[in-house]
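The structure appears right after this line, and notes come after that.
Number of protein chains: 2
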Amino acid sequence: MNTTDAKALLKTHISKVTTLTDEQFDYIFSHFQYQQYKKGQTIVTEGRPVNCEYFVLSGCLKSFFINDELKMFILQFAMPTWWTSDYNALYSQHKATINVDCITDAEVLCLSNEDREKICREIHNVEYFFRWRTNKGYVASQKRLLSFMNNNVKYRYEELLALYPELYNIVPKNLIAAYLGVSRETLSRLYTPEK
Amino acid sequence: MNTTDAKALLKTHISKVTTLTDEQFDYIFSHFQYQQYKKGQTIVTEGRPVNCEYFVLSGCLKSFFINDELKMFILQFAMPTWWTSDYNALYSQHKATINVDCITDAEVLCLSNEDREKICREIHNVEYFFRWRTNKGYVASQKRLLSFMNNNVKYRYEELLALYPELYNIVPKNLIAAYLGVSRETLSRLYTPEK
DNA sequence: TTCCAGATGTGATGTAGATCACGTGATGGC
DNA sequence: GCCATCACGTGATCTACATCACATCTGGAA
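These protein sequence lines are chains H and C, in that order.
Heads up: the first sequence runs through residues 1 to 195, numbered per the numbering used here.
Heads up: the second sequence runs through residues 1001 to 1195, numbered per the numbering used here.
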């Protein structure tokens, strides 16, 4: 993807929420940095500082946590026009406690914490945009939590696929299982006829 | 609590995050409405419209969901200086899908959706404050989700009490169980010596 | 072409927590 | 002061899902 397309994607994304003049948009775009990654590459690493958040242009990322028994839990998949990072570490300026890596080859725009705060301070509508975006994330997270407490694996699996059908083709089942918080064996058994 | 104290509590709370002149604070405070509730009273009701979010001055609220089998799941407790509402319904202008009620007698300041948006638009630092607050909520929600997937009930119970020791004395165990997503019986058995 | 690692299926067995059932003690409304 | 309701404990049993073990298939690297 060339810079023009990347710019258009971000602009369309932001325009759905707030209005910016072309000059304002050019200005904020100048704070983003284009980056390309290969399948399997790590973008955010546990234990290292986190400086940026990432706007996905193409491909698919995952943010995940590995516990002491080396079991992986996926917090979020990130498809084009989604944002991702270790927000806990980013906002509180701690080292990362989660990882972000690439499920497929991917292109992102990265925005540093300082630059986000700077453009939020400088342009009120940008501040509004990021408030809106975090609201969305918060509400989605609450819904997922509720579904976790309320629904069994099969329901949650179907809910996920209904919401993001494209994941079915891109993401291997063991990662879907790690998102649902279930073992890959159990996920695999969901649709086998009961003996 | 009188208006002066309520005002001071909100002001202190906001001042930790951003700076407002006295005039600005007086102005935004004029958009809040003081309300008093008795233990057990409902503030937000499933199926009804939601217009406001609530800043807790005193007492303890809970926001919760009741599923088809009448099982209750608690999304959040709200103690003094916490905010609560059905944010999903509030932002998207749908009817409430969750309830908010009072675990103890409580006093709140309520702020309508339109007024929040209005004061956010009018005062940049207020927009900043609400972005910051939602960030906090988002990060906390992600952490809880992770703990849910990663830790067993006992660990989550101790984590909750370590974070909010005051809940132990105020909130009955069946509600703690509903927050942890576990049956009250299991919670009750956590500390009985194994037979 | 060969080979190896990753993705997936499936059987056998273990276990955390759910559910049902019942009992006791506290408390608050009338 | 009575009684209904709620909070809480605890035994017996059930079940969804985890874990371990092993097999098959596939695609990509050497």
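From the three backbone atoms N, C-alpha and C, an ideal C-beta is built for every residue, glycine too.
Asked                                                                                                                                                                      : Found
Taking 8 Å as the CB-CB limit, is H1124/C close to chain H?                                                                                                                : yes
Mind listing which residues of the segment 95-111 of chain H have their C-beta closer than 7 Å to chain C's C-betas, in chain order?                                       : none
Is the number of C-beta pairs between the segment 20-38 of chain H and the segment 99-111 of chain H that are closer than 8 Å three or more?                               : yes
Check whether the Cβ atoms of I1043/C and F1129/C lie closer than 8 Å to each other.                                                                                       : no
Using 8 Å as the threshold, is the C-beta distance between Y54/H and S92/H below it?                                                                                       : no
Please report the straight-line C-alpha distance between M1001/C and R1048/C, rounded to a whole angstrom.                                                                 : 29 Å
Which residues in chain H have a C-beta closer than 7 Å to the C-beta of F1149/C? List them in chain order.                                                                : Per the sequence shown, the amino acid found at residue 1149/C is Met instead of Phe. Per Cβ cutoff of 7 Å: F73 and G181.
Enumerate in chain order the residues of its own chain whose CB-to-CB distance from K1195/C is below 7 Å, with the five nearest sequence positions on each side excluded.  : Any reading at K1195/C must be qualified, since the residue scores a pLDDT of 39, below 50, and its modelled position is unreliable; the value itself is stated next. Same-chain partners within the cutoff: there are none.
When you compare each of K1016/C, C1102/C, H1094/C and Y1034/C to I1074/C by their alpha carbons, which one comes out closest?                                             : C1102/C
Is the distance from the Cβ of E46/H to the Cβ of H1124/C below 8 Å?                                                                                                       : no
Inspect the beta-carbon positions of L1180/C and L1187/C and report whether they are closer than 8 Å.                                                                      : yes
At the 8 Å Cβ level, is Q93/H part of the contact set with chain C, yes or no?                                                                                             : no
Compare the C-beta of F1130/C against all C-beta atoms of chain H and say whether one is closer than 8 Å.                                                                  : yes
Looking at C-alpha atoms only, which residue of W132/H, L163/H and K118/H is the closest neighbour of R144/H?                                                              : L163/H
The segment 152-163 of chain H: which residues have C-beta closer than 8 Å to a C-beta of chain C, in chain order?                                                         : none
Determine the chain C residues that contact G137/H at a beta-carbon separation under 8 Å, and present them in chain order.                                                 : Y1138
Could you work out which residues of chain H lie near E1127/C, taking near to mean beta carbons separated by less than 7 Å?                                                : H124, E127, Y128 and R131
Using DSSP's beta-bridge definition, name the partner residues of N174/H.                                                                                                  : DSSP, once it has assigned bridges, lists no residue as partnering N174/H.
Taking CB distances under 8 Å as the criterion, tell me whether K195/H reaches chain C.                                                                                    : In this prediction, K195/H has a pLDDT of 39, which is less than 50 and means its spatial position is unreliable; nothing more can be read from the coordinates.
For N1088/C, which residues in chain H fall below 8 Å Cβ to Cβ?                                                                                                            : V139, Q142 and K143
So which residues on chain C does T134/H lean against when the C-beta distance must stay under 7 Å?                                                                        : R1131, T1134, N1135 and Y1138
So, Q1036/C versus E1107/C, is the Cβ gap smaller than 8 Å?                                                                                                                : yes
To the nearest angstrom, how far is it from the Cα of E1122/C to the Cα of E69/H?                                                                                          : 50 Å
Short of 7 Å Cβ to Cβ, which residues in the segment 56-82 of chain H face chain C?                                                                                        : F65, N67, F73 and L75
Please tell me whether L1187/C has its Cβ less than 8 Å away from any Cβ of chain H.                                                                                       : no
By alpha-carbon positions, which one of T4/H, G40/H and W132/H ends up nearest to N57/H?                                                                                   : Looking at the sequence itself, residue 57/H is Leu, so the reference to Asn does not match. It is T4/H.
Are the C-beta of L167/H and some C-beta of chain C separated by less than 8 Å?                                                                                            : no
Below 8 Å, can you find three or more Cβ-Cβ pairs linking the segment 1159-1177 of chain C to the segment 1076-1084 of chain C?                                            : yes
Are the beta-carbon atoms of V50/H and A6/H separated by less than 8 Å?                                                                                                    : no
Excluding the five sequence neighbours on either side, which residues of its own chain have a C-beta within less than 6 Å of the C-beta of K1039/C, listed in chain order? : C1102, T1104 and D1105
Along chain C, which residues have their Cβ under 7 Å away from the Cβ of L146/H?                                                                                          : F1065, F1073 and L1075
Tell me whether L9/H is buried or exposed, calling it buried when 16 or more other Cβ atoms sit within 10 Å of its Cβ.                                                     : buried
For K1062/C, which residues does DSSP report across the bridge?                                                                                                            : F1077/C and D1101/C
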